[in-house]
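Worksheet: one structure, shown below.
Protein chains in written order, with our numbering: chain Y, 384 to 817; chain U, 3 to 246.
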């Protein structure tokens, strides 16, 4: 069984309240708890939930500036504003994230090459710290704290509300293509040919294909559909699916994975297929299956996401995929895309220009952890990095190698806040910076 | 456009219900004690589609002012289509040997105040010829249980009062809805351990919106499975109920 964190949950009932700091207690800001790793756990401490902070505060139809409380979800923002022609400028692969959680993890999406991370679209936020201070943070005010908090994994304080810039959209649909590619070189060719013309790009890769087919998959590229292109289209009826119970063992194993990946890859026979997607189907396909994580059984899974710099992306991506293919581990949920060069204000922001690979690994045993340690080494050697928001096992040394601005970040860590992630890779005794 | 007054506007269930009506473009007066919280909720409701939302600061435990408050609100709104009475507290069970002012205050807030507002608003609705009176009661009123019979007795009073008013209103355009939620995850119940029977405030809010939209007159349990649970509980023998 997967380890469990002994912790208690409390809610901040109003954004005007102070942080409930009690002697000897450590807090961790908590949104929806969807982070894959231990950055949303606080063993022997308190999770301070933003669940009660779910109010909208202001929206300016002229500028697209939205102010809302920390716990407002992307789902709620989209439900409210998509019908009025506004969409979030950056969305991750699920809409079950909170506004503050998206800032704390500096989430990215399929439009990174043109839009950067979510942090690039944050105008300001209010931060409560355990010393009782309440600060407004923006590029002009408390700018260093602003930068430390974006991608700061909740370790710099508790965000109560934030103002972001929404993006005008002409429709609720995306129009584009699905392009089949037979190997990694073709992927990079399609990616290079696509990023100029398409705002959104992402690929699925068959992680079990080796040899000449290494890195084969499907490349999706799309733009928001114009009102004309979306004319007459209505949101498709989606049958809510669920994985109702936890199977006793993982349903993802060598056999099922091989079968699924082959069928899925061959499903598209033509090289290019024209597609039109509703935003839910394009951005949030997994949200349609509740409790999908249960398919991995009681041992659970590790998600791994890394990025390697553009200069070495061909060779290093090949090395990573070969390592995974030879281990015969992995899952059908494999995402590959290229990040652009737009820099996030976040000190610990994950994306850098290059190629990023994200995939699930059902936990088989020590071999799974060993594989990820080998991947870490390849990534570190290449000058890349691993995404903390999804990590549950990287070493302190790896983390320090991946994030050279860590020493700057430490100065802004709130001594009253910790997470299992920070204890693991940053160390309790080193947090007394403020 | 529906014109709605909510007494106890910062209640979790009231806010969730208001969000549903806001989506449909309603206009609101929210009555409560906390100006900041009410202002926050009003801003949120307007963003969600409310035609207007204003707060009215009043201490609803000050029962002497309630009849005048009802009249003022009616004058301000012109017509009131829906009145939701949602205020109340969930205290620990008072011990019978220290029946003191705290118990009196509890009865004032949970019983006398909503009772006067129900009477006041019903009177207004009858005079204007229509209106939907909605009162938040609780499944706790269906049976006296050792753990919370003071709270339960207050809710029983409201349920019975509301049911009587509903039956009396048959044949008119006035409706009275008694809402009996089960366990609901709100700030009132923040300290409780939550299990499978717990519903979210937004589930209950959606159920109330649906019932009002359909012109429901009478009693609803929400979520609906509580009707079945309470049927069993109401008929359960004493030796079981005393352990609940």
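Virtual Cβ for every residue (Gly too), placed ideally from N, Cα, C.
None of the values given here were measured: they were computed from a predicted structure.
When rounded, the separation of the alpha-carbon atoms in residue 72 of chain U and residue 230 of chain U is 36 Å. Taking a Cβ-Cβ cut-off of 7 Å, residue 506 of chain Y has no neighbours in chain U, whose nearest Cβ is about 17 Å from it. The Cβ of residue 157 of chain U sits no closer than 7 Å to any Cβ of chain Y.
If the five residues before and after residue 592 of chain Y are omitted, its C-beta is found closer than 6 Å to the C-beta atoms of 599, all from its own chain and listed in chain order.
Under the three-state reduction of DSSP, residue 495 of chain Y is assigned to helix.
The beta carbon of residue 189 of chain U falls within 7 Å of a beta carbon belonging to chain Y, placing the residue at that interface. Distance from the Cα of residue 590 of chain Y is smallest, within the candidate group Y:577, Y:395 and Y:716, for Y:716. If you check the CB distance, residue 9 of chain U and residue 87 of chain U come in under 7 Å. In the DSSP assignment, residue 688 of chain Y is bridged to Y:741. Between the stretch 796-803 of chain Y and the stretch 532-542 of chain Y, the count of Cβ pairs shorter than 8 Å is three or higher; the stretches touch. Residues of chain Y whose Cβ lies closer than 8 Å to the Cβ of residue 43 of chain U are, in chain order, 438. The beta carbon of residue 438 of chain Y sits closer than 6 Å to the beta carbons of 452 from its chain, once the five residues preceding and following it are set aside; these are given in chain order.
Between residue 396 of chain Y and chain U, the shortest Cβ-Cβ separation is below 7 Å. Per DSSP, the continuous beta strand (DSSP E) segment holding residue 178 of chain U begins and ends at 176-183. Within the same chain, Cβ atoms closer than 7 Å to the Cβ of residue 150 of chain U are found at 95 and 142, the five residues on either side in sequence being excluded. When the Cα atoms are used, residue 604 of chain Y and residue 663 of chain Y turn out to be separated by approximately 15 Å. Put simply, of Y:587, Y:749, Y:723 and Y:533 the residue whose alpha carbon is nearest the alpha carbon of residue 581 of chain Y is Y:723. Just measuring C-alpha positions, the residue of Y:767, Y:469, Y:671 and Y:470 sitting nearest residue 698 of chain Y is Y:767. Around the beta carbon of residue 657 of chain Y, fewer than 16 other beta carbons sit within 10 angstroms, so the residue counts as exposed. Straight-line spacing of the CA atoms in residue 655 of chain Y and residue 562 of chain Y works out to 5 Å. Within the same chain, Cβ atoms closer than 6 Å to the Cβ of residue 7 of chain U are found at 31, 75, 82 and 85, the five residues on either side in sequence being excluded.
A distance below 8 Å between beta-carbons, with the five flanking residues on each side excluded, links residue 417 of chain Y to the following residues of its chain, in chain order: 423, 477, 479, 480 and 484. In the structure shown, the three-state DSSP call for residue 541 of chain Y is strand. Not flagged as an interface residue toward chain Y: residue 92 of chain U, since no C-beta distance is shorter than 7 Å.
Taking all protein chains in view, the Cβ of residue 123 of chain U is crowded by 16 or more other Cβ atoms within 10 Å, so the residue is classified as buried.
About 6 Å separates the CB atoms of residue 178 of chain U and residue 219 of chain U; that is less than 8 Å, so the two are in contact. Per DSSP, residue 433 of chain Y is not a residue of any alpha helix (DSSP H), being assigned neither H nor E.
The beta carbon of residue 525 of chain Y lies closer than 6 Å to those of 518 in the same chain, with the five residues before and after it left out. Here DSSP, grouped into helix, strand and coil, assigns residue 55 of chain U to strand.
For residue 169 of chain U, the nearest beta carbon of chain Y is not closer than 7 Å to its own beta carbon.
Chain-ordered, the chain U residues with CB closer than 8 Å to the CB of residue 442 of chain Y read 49.
For residue 8 of chain U, the enclosing beta strand (DSSP E) covers residues 5-9. Contact check for residue 201 of chain U against residue 188 of chain U fails: the beta carbons are separated by 7 Å or more.
Around the beta-carbon of residue 37 of chain U, fewer than 16 other beta-carbon atoms lie within 10 Å, marking it exposed. The beta carbon of residue 782 of chain Y sits closer than 6 Å to those of 808, all from its chain and outside the five residues before and after it, given in chain order. When C-beta atoms of the stretch 683-703 of chain Y are compared with those of the stretch 764-779 of chain Y, three or more pairs fall below 8 Å, so the two segments count as touching.
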